[in-house]
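Student: Counting in UniProt numbering, the sequence shown runs from 1 upward without gaps.
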Amino acid sequence: MDEEHAPDTRSRILEVAADLFLRQGYIETSLSQIARRLGLTKAAVLYHFPAKDTILTELAEPMLAELEGVLDAAEEMEPESARWAVVEGILDASFGHLRVLAIANAAWVARDPVYRRVVAINNRASRIIAGPGAGLRERVRASATLALLARPALFHQEDPPQDVRREALDAAARLLCDIGDSAVPSPVLPHSRTDRRRVMTADRMAAARRLQAAGTHTVADIARMVGVSRATAYRYLTSDPAEPRRSST
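Structure (C-alpha cells):
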C-alpha cells in the first residue's frame, strides 16, 4: 500500500489539519496547505476527505458523541438530577475537547452537519436544564447556563481545571437558583448591619448538604450561596442530619 493510502494517513491528516486550524484559523487553512505539510498531494488528502468541512466534522465527532451521550442519559433521569447531569456533563466534555472548542470558537463554518448537531445538542440541553413546563425565566437561565459551560474551560487553560470547574459550577448554581424544587437558593448580596441573615430552612439545608457532598465548595462558599452566616452553615453541616434543630437567624 502506498503512502497516500496508508492506514495512518487519515489520522495524520486530522492531526495536521487541527494544528493548522488552531494556528491560522479554519477559513485561512486550505487542503493544499494540509497536503504540503504532510508531504502529500492534494488528491491524496481528497481521497480521505472529499472536502475541508468533512475534516472538521470528524474532528468534532468525539465531542459531539460525548455530549449526545450525556443528554441521552439525562433524559432517563428525574428533572432535577437530569439538570445537573447535563450541566456537569457538558462542562466535563468541554475540558476534554478543548482543541475542538478552540477551532469551533474561531468560526463555525461547517454548517452541515456539524453546526446542525451543535444546535440540536444545545436545544436538548436547554430543555433538560430548564425543566418540564418551563417559562421564560427558566428557559433564559437555562440558555445562559449553557453559554457559560464551555468558555471557562476554553479561556482559563492556564488555571487548575478543578478550580475552574468549581467556579463554573458555582456560577451555574447561581443562574439556576430559582429553577426546580430543590435548586440552590439565591445568594445574598452584601448586606448592611440592619439586614438579617435568612434562616436555615429545610430547602436551604438540603441544598447545603448537596453542595457539601459534591466536595467542590468550602463551608464559606456554601454559607454565601444559601444565604446564612458561616457559623450557621458550619453548625448545621456538622450536625447529625437526623437530629432536628431549631431555626437560627
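In this text, a Cβ means the ideal position worked out from N, Cα and C, and glycines have one as well.
Everything numeric in this text was worked out from a predicted model, so none of it was measured.
#1: What are the boundary residues of the alpha helix (DSSP H) that includes residue 34?
#2: Report yes if the CB atom of residue 120 is closer than 8 Å to the CB atom of residue 59, and no otherwise.
#3: What residue from 141, 160, 67 and 61 has the CA that sits closest to residue 113's CA?
#4: Could you pull the start and end residues of the alpha helix (DSSP H) that residue 114 belongs to?
#5: Please name the residue in 135, 140, 171 and 137 whose C-alpha comes closest to that of residue 151.
#6: Between the Cα of residue 15 and the Cα atoms of 44, 43, 51 and 56, which residue gives the shortest distance?
#7: Measure the Cβ-Cβ separation of residue 102 and residue 22 and say whether it is below 8 Å.
#8: Expressed to the nearest angstrom, what Euclidean distance is found between the alpha-carbon atoms of residue 78 and residue 48?
#9: Residues in the same chain with beta-carbon distance under 6 Å from residue 36, minus the five sequence neighbours each way, listed in chain order, please.
#10: Just confirm the distance between the C-beta atoms of residue 149 and residue 168, as a whole number of angstroms; I'd bet it's less than 8 Å.
#11: DSSP three-state label for residue 66, please.
#12: According to the neighbour-count rule (16 or more other Cβ atoms, all chains shown, within 10 Å of its Cβ), is residue 232 buried or exposed?
#13: Measuring alpha carbon to alpha carbon, tell me which residue in 155, 97 and 154 is nearest residue 65.
#14: Under DSSP, the alpha helix (DSSP H) around residue 149 begins and ends at which residues?
Tutor: Per the coordinate set shown:
#1: Here residue 34 refers to the residue found at position 34 when the sequence shown is read from its first residue. 31-38 is the span of the alpha helix (DSSP H), which, as asked, contains residue 34.
#2: The residue labelled residue 120 in the question sits at position 120 within the sequence shown. The residue labelled residue 59 in the question sits at position 59 within the sequence shown. Remark: C-beta atoms of residue 120 and residue 59 do not approach each other more closely than 8 Å.
#3: Indexing the sequence shown from 1 puts residue 113 at position 113. Out of 141, 160, 67 and 61, 61 has the C-alpha closest to the C-alpha of residue 113.
#4: By one-based count along the sequence shown, residue 114 stands at place 114. Here residue 114 belongs to no alpha helix (DSSP H), and DSSP marks it neither H nor E.
#5: Working through the sequence shown from its first residue, we reach residue 151 at position 151. Selected option, being the one with the closest Cα: 171.
#6: Within the sequence shown, the letter at position 15 stands for residue 15. Selected option, being the one with the closest Cα: 56.
#7: As a working mapping, residue 102 is identified with position 102 in the sequence shown. As a working mapping, residue 22 is identified with position 22 in the sequence shown. Their beta carbons are under 8 Å apart, which means residue 102 touches residue 22 by this criterion.
#8: The residue given as residue 78 occupies position 78 in the sequence shown. The residue given as residue 48 occupies position 48 in the sequence shown. When rounded, the distance between both Cα atoms is 43 Å.
#9: By 1-based counting over the sequence shown, the position of residue 36 is 36. Closer than 6 Å at the Cβ level, and outside the excluded window around residue 36, lies no residue.
#10: In the sequence shown, the residue the question calls residue 149 occupies position 149. In the sequence shown, the residue the question calls residue 168 occupies position 168. Confirmed, about 6 Å.
#11: For the purposes of this step, residue 66 is taken as the residue at position 66 of the sequence shown. Helix.
#12: Here residue 232 is taken as the residue at index 232 of the sequence shown, counted from 1. The residue is buried, with at least 16 neighbouring Cβ atoms inside 10 Å.
#13: Residue mapping note: residue 65 aligns to position 65 of the sequence shown, counting from 1. If we check each option's Cα against that of residue 65, 97 comes out closest.
#14: In the sequence shown, residue 149 corresponds to position 149, counting from 1. Note, residue 149: alpha helix (DSSP H), 136-155.
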